[in-house]
Amino acid sequence: MALLQLFAKGNIEEKVLPESDLDYDDDDEQSRSYVNTDPNEYDKENKEYNELSIKASHNSNTSSVDSITYANSMADLKDLDMDKSKPFEHYKFKDPSNKSNDLEIADSKDKIINSIDSNCTVLISGATGCGKSTQVPQYILDDCMSKKKYCNIIVTQPRRIAAISVSKQVNRERSCKDGLLVGYQVGRKKNYNPSTTKILYCTTEILLLKIIKAKSLSEFSHIILDEVHERTLEMDFLLLVIKKLQKINSQSTRVILMSATAEIEKLRDYFSDYYGHPFNRHLAASIVSVKKPSNYSVDVLYLDDLYLLIPAAQRMDLSKTQIDENGYDTAVQLVKAFDQMKVDNDNKKSVLIFLPGIYEIEEMHRRMEDLMTFENHKWILIQLHSSITSEEQDKIFIQAPLNYRKIILSTNIAESSITVPDVSFVIDFCLMKQLKNEIRSNYSMLIMTWASKSNCNQRAGRVGRVANGCVYRLIPRRMFNKLEDNELPEMSRCSLSRVVLMSKLLNMGTPEKLLASALDVPCLQNIILTIRTLQQVGALLSTVNGVISSVDGDLTYMGKVMAHLPLEPPMSKLIYFGYIFNILNEAIIMACGLSIKSIFSQPFNQRLEAYTQNLTWANYSCSDPIAYIGAYQSWLESKPEFDQNPNLEKTWALKNYIQLSAMRELYDLIDDVSNRLNRHFGIIANSGKIKWIKPEEKDIACKVVLAGAFYPNYFIRKTNNAYMDEHEVHKTLEEHDPYQTVYFTGFPKDQPKELYKEAIESLFPQKLVGKPTAYFSKSNNKVFVEFPTLNIKNMAYDSNQYEEKLNQLIPGNISYGVYVAIKMRTLKFNFKIPLLKPNDAKKKLELITQQMAAQKITPKEVLPIQRCILEETEFNNKAIVITVTYFESVDSFWAQLLDEKHNNILFKLWELVNNKISLIETNPDNLVIDDIYIVMYQEEKYRGKLMEFPHGLKKEYKFLLIDFGESVQLCNEDIFNIKDEYIKKQVYSYPTLAFQCKIAKIHSPINRQLNDNWSEETNTYIVGKLLKNAKGTVSLIIILILMKVNHSFNELR
1 MALLQLFAKG NIEEKVLPES DLDYDDDDEQ SRSYVNTDPN EYDKENKEYN ELSIKASHNS
61 NTSSVDSITY ANSMADLKDL DMDKSKPFEH YKFKDPSNKS NDLEIADSKD KIINSIDSNC
121 TVLISGATGC GKSTQVPQYI LDDCMSKKKY CNIIVTQPRR IAAISVSKQV NRERSCKDGL
181 LVGYQVGRKK NYNPSTTKIL YCTTEILLLK IIKAKSLSEF SHIILDEVHE RTLEMDFLLL
241 VIKKLQKINS QSTRVILMSA TAEIEKLRDY FSDYYGHPFN RHLAASIVSV KKPSNYSVDV
301 LYLDDLYLLI PAAQRMDLSK TQIDENGYDT AVQLVKAFDQ MKVDNDNKKS VLIFLPGIYE
361 IEEMHRRMED LMTFENHKWI LIQLHSSITS EEQDKIFIQA PLNYRKIILS TNIAESSITV
421 PDVSFVIDFC LMKQLKNEIR SNYSMLIMTW ASKSNCNQRA GRVGRVANGC VYRLIPRRMF
481 NKLEDNELPE MSRCSLSRVV LMSKLLNMGT PEKLLASALD VPCLQNIILT IRTLQQVGAL
541 LSTVNGVISS VDGDLTYMGK VMAHLPLEPP MSKLIYFGYI FNILNEAIIM ACGLSIKSIF
601 SQPFNQRLEA YTQNLTWANY SCSDPIAYIG AYQSWLESKP EFDQNPNLEK TWALKNYIQL
661 SAMRELYDLI DDVSNRLNRH FGIIANSGKI KWIKPEEKDI ACKVVLAGAF YPNYFIRKTN
721 NAYMDEHEVH KTLEEHDPYQ TVYFTGFPKD QPKELYKEAI ESLFPQKLVG KPTAYFSKSN
781 NKVFVEFPTL NIKNMAYDSN QYEEKLNQLI PGNISYGVYV AIKMRTLKFN FKIPLLKPND
841 AKKKLELITQ QMAAQKITPK EVLPIQRCIL EETEFNNKAI VITVTYFESV DSFWAQLLDE
901 KHNNILFKLW ELVNNKISLI ETNPDNLVID DIYIVMYQEE KYRGKLMEFP HGLKKEYKFL
961 LIDFGESVQL CNEDIFNIKD EYIKKQVYSY PTLAFQCKIA KIHSPINRQL NDNWSEETNT
1021 YIVGKLLKNA KGTVSLIIIL ILMKVNHSFN ELR
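Numbering (the UniProt record's numbering), first residue to last: 1 to 1053.
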């Protein structure tokens, strides 16, 4: 008779060891033993047990939780000897002829079943692809059904897609409808029937939440943890909780751990059973190994094996966790050697190169692309990392053309998630990026580190599946032998915030004591720091039952919300604040968007376009979280139409650089979070007391809750570190506007500069930045590129049609072209232009000059209105006398020259504009940025330059009154053209009378969005006493003022 049935019928007794010589604490639940006794000896043994129980009544080492909950487990165990009715009458066993029965694991079926029947915990070790995930649950199900035993199996998978796909595969094998006998649950997405489903596939977190809610395992007859080697926080915490509850109140539940590369001995000892008196010994968990013989060989070579073949290999610097120049060169030379050695036929085998991150992938891609250009190599380069689209990922499965070699540059995503069948060569730098908790901030960050031997072996496993293979590890053999055997589990290196919160829900002791039972015990300092951080953010109180504690705290309401959401505490706090500010929907989108893979794609050859599109989604904020809101709401609005027309959705995604798979994952997560908030706390959207009237107010609220949620994990950019002195800026840029200018260095002195002006300007995409203008320094080798201040037309999908929208994409006064230029530098764009030999260049310039003279081509006339009055004025003194016309900010004002000559010019121009011209209304479609118009402002006419098109609800244009320096907002009815061309030439014959002045050593706010005007007291003193009334003092004051001509006219640039 099965062990559990004996237990259920009372033929196995519980023995407690009173006053044992062994030292136990509350975590050693092994102080009871279950012994299979003969029924004839039962009375004798039971009498002995009663005597022991009496003696142990005051000194038993069984915890109070054990005593309370054990009674319930007996009833659960008796359910195993269940009725023999409906569940078994119409059960359909798996077809023996199904091809899945030929998998390697089939040979171990009986051993697996016997081990599970006779052991509480079983470990199954088998190579990837042997059939563990699909077959083991079916073996258990068929066995239980054949014996008419109670069966309720739950199987965890580390990823959502795996849980769904494996569930469907099992149903296909059994020719069963999805969700009937075998189902799945991932987030709120589920397909199973509680009354008929016997095997449920789910994510690790789903099982953890079910167990935390029930505080028992008795709901399930079998718990199968697949891919247990992925030592995530959730997996380690789940192992801890299962181990405790299995001994406390769920002795009937069988636990099966499965993996290809897990630390089997470590897990075996962790789940060992202690058998008490009279045995007094530990019994390790049972192990079943599934052998999968390989028909192909894999050769592994190390860096020291390449020293004679590749000279760069000897020069590699391995003292730091990074790839140096020689490292890249070694990998490239290896690939070239594959071609030269003729190691394969015309169907060249693929090469898989493991690199630690996207930066290293791009650097390797650039180097190999250059070699393909200059040496004519037949390579097909494919990038593989998490931020590329699924369509780009699919390229790795496409067979390369004849005589071409496919080279895949990948992060560790190719270790296990993706299998490429035709890879014969693996080049491994043995590096990886790993999340690690920064102790001071208690915030996780990606750092470069050496991979473990387990990781490297996983990478080596990419070859030798369908053919012989070769692995090149670019570190010496001796160094490889010193690597860690396994990757450090997240419990030992990541923030423990979510684990601590979940432990508080379990109520199984202090977090410190509970986590001390983990498979790998986390650092005590990390636990204490996590608790203090949670107290700081408001998730925990600083007291336990009213008593101050530095190592524990009672859960607050916010802490309960955090514990119930599948997000990190800062993301949950963001949602909490969003509810308070009545922007719950927006807060959930931002929090969920930051918790998954980015929804924005970055196609390798379109990264700049993708960046500019992200700026569009960000709605004038340059913020990724706010960009998630715009992109998600646009997709959600059109989702009904997309559901009917998937091709339209793909078109929209390609145009807007969106990853649809990530967008759908975001949709599921948002739905899950919203449901949990409503179900557990009754929190729903638009139920707050704050009512927002304008969209701009909501935008500000989003920034406020972002700042509050991540406090104190953000930094403030300080001017003394991030910005040069203002004088140095203007000296470096030679008086070019820093908000509109970037510069290059290194232009050859022996080249005629005018010849390359257009080539330099064409380096920047005009459709994104407008028409830039290049200037050459007269004193050094700098080249300045100045961008226009204009808004960019962007295509965005709106409702049922595409329409053009004019958006200001970036905040502040910095030109959009400067943002794009800096992004191009970050993306390592090639800013090279082809140069002629100096003599040939001079001859070509002379030829062009002669041709222009022959064709009577003259440079474009520069009108006086396009120049500043200062350019036409000669000054004998270092000081000039001015009158202030407009104060722009604390560090800037506009002025006019104060003398009789310029007063007369101003008077004549004023008379001409206001009394002697005929005007015609303008067509909004014909307005052009930087063009000059006559504008009506406060019932007076002015010369105005168009600066910005309308954006937002107000249809107002921004104009600069060029003779006074004031910026004003005007409607189209106030904008005019001059009717008479002769009068127009007269009006345009006067230069710009106002010029901008910057006050040295004074700065306005960096973001240019706060109130940066002078105070009333300062304004009265500076303007009233110094600049206007004391003419004799003006010259002295102006010496202290940094004069800066507003170089905003096309030809001056």
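Positions of the beta carbon are idealized from the N, C-alpha and C atoms, including for glycine.
(message) I'd like to know if the segment 816 to 823 and the segment 727 to 743 are in contact, where contact means that at least 3 CB-CB pairs between them fall below 8 Å.
(response) yes
(message) Using only the alpha-carbon positions, how far apart do N249 and S218 sit?
(response) 8 Å
(message) I need the DSSP call for E786, collapsed to helix, strand or coil.
(response) Here E786 sits in strand by DSSP.
(request) Thinking Y557 and S495 are a contact (beta carbons under 8 Å), I'd like their distance in whole angstroms, please. (result) Contact doesn't hold; Cβ gap of about 22 Å is too wide.
(request) Using beta-carbon positions only, say whether L303 and P476 come within less than 7 Å of one another. (result) yes
(message) Buried or exposed for N582, going by 16 or more other Cβ atoms inside 10 Å?
(response) buried
(request) Just confirm the distance between the C-beta atoms of N486 and S517, as a whole number of angstroms; I'd bet it's less than 8 Å. (result) Wrong, their Cβ atoms sit about 20 Å apart, outside the cutoff.
(request) Using a threshold of 7 Å, state whether the C-beta atoms of Y628 and M590 are closer than that. (result) yes
(request) Within its chain, find whatever has a CB closer than 6 Å to the CB of E609; leave out the 5 residues flanking it on each side and keep chain order. (result) Around E609: no qualifying Cβ.
(message) Could you compute how far the alpha carbon of A685 sits from the alpha carbon of I580?
(response) 10 Å
(request) Would you kindly work out how many angstroms separate the C-alpha atoms of R160 and E205, rounded to a whole number? (result) 10 Å
(message) Is the separation between the beta-carbon of D422 and that of S350 shorter than 7 Å?
(response) yes
(message) As an exercise, report each continuous beta strand (DSSP E) stretch of at least 3 residues that is fully enclosed by the segment 207 to 276, in chain order.
(response) 222 to 225, 254 to 259, 273 to 275
(message) Quick check: V471 and V335, are their CB atoms within less than 7 Å of each other?
(response) no
(message) Distance check for G593 and G128, CA to CA, integer angstroms please.
(response) Looking at the sequence provided, one finds Thr at residue 128 rather than Gly. Annotation: T128 to G593 spans about 32 Å, alpha carbon to alpha carbon.
(request) Name the one or two DSSP bridge partners that C868 has. (result) T992
(message) Less than 6 Å between C-beta atoms, sequence neighbours within five positions excluded: which residues of the same chain meet that for K753?
(response) The residues are F776.
(message) Whole angstroms are fine: how far does the CA of W894 sit from the CA of L960?
(response) 11 Å
(request) Helix, strand or coil for C202, going by three-state DSSP, please let me know. (result) strand
(request) Name the two residues that bound the continuous beta strand (DSSP E) containing S967. (result) 967 to 970
(request) Output the boundary residues of the beta strand (DSSP E) element that contains N903. (result) Counting along the chain, N903 sits inside no beta strand (DSSP E); it lies in the alpha helix (DSSP H) bounded by residues 900 to 915.
(message) By DSSP's criteria, V351 is part of a beta bridge. Which residues make up the other side?
(response) I407, F425
(message) On a Cα-Cα basis, can you pick out the residue from S125, R366, Y937 that is closest to K828?
(response) Per the Cα distances, R366.
(request) Could you tell me if M368 is buried or exposed, where buried requires 16 or more neighbouring beta carbons within 10 angstroms of its beta carbon? (result) buried
(message) Less than 7 Å between the C-beta atoms of V255 and S108, yes or no?
(response) no
(request) Quick one: give me the first and last residue of the alpha helix (DSSP H) that T612 is part of. (result) 607 to 617
(request) Counting only the same chain and skipping the five closest in sequence on each side, list residues whose C-beta sits under 8 Å from that of P522. (result) Cβ neighbours of P522 within its own chain (closer than 8 Å, five residues either side excluded): M491, S492, L496, L515.
(message) Need the endpoints of the alpha helix (DSSP H) that G327 sits in, please.
(response) Per DSSP, G327 belongs to the alpha helix (DSSP H) from 325 to 341.
(message) For the pair the segment 917 to 926 and the segment 975 to 994, tell me if three or more CB-CB distances fall below 8 Å.
(response) yes
(message) Per the DSSP calculation, E921 is bridged to which residue(s)?
(response) F976
(message) If you reduce the DSSP assignment to three classes, tell me which class S146 lands in.
(response) helix
(message) Using C-beta distances below 8 Å, list every residue in its chain close to L906, excluding the 5 sequence neighbours before and after it, in chain order.
(response) Q896, D963, L993
(request) Please classify K945: is it buried, with 16 or more other beta-carbons within 10 angstroms of its beta-carbon, or exposed? (result) buried
(request) Answer yes or no: do I361 and L409 have a C-beta to C-beta separation smaller than 7 Å? (result) yes
(message) Suppose the cutoff is 6 Å on Cβ atoms and the five residues either side in sequence are ignored; what does the same chain contact list for A222 look like?
(response) According to the sequence shown, residue 222 is His rather than Ala. Excluding residues within five positions, the ones whose Cβ falls inside 6 Å are I140, I153, R254.
(request) In angstroms with no decimal places, state the Cα-to-Cα distance between S146 and D110. (result) One C-alpha to the other measures close to 14 Å.
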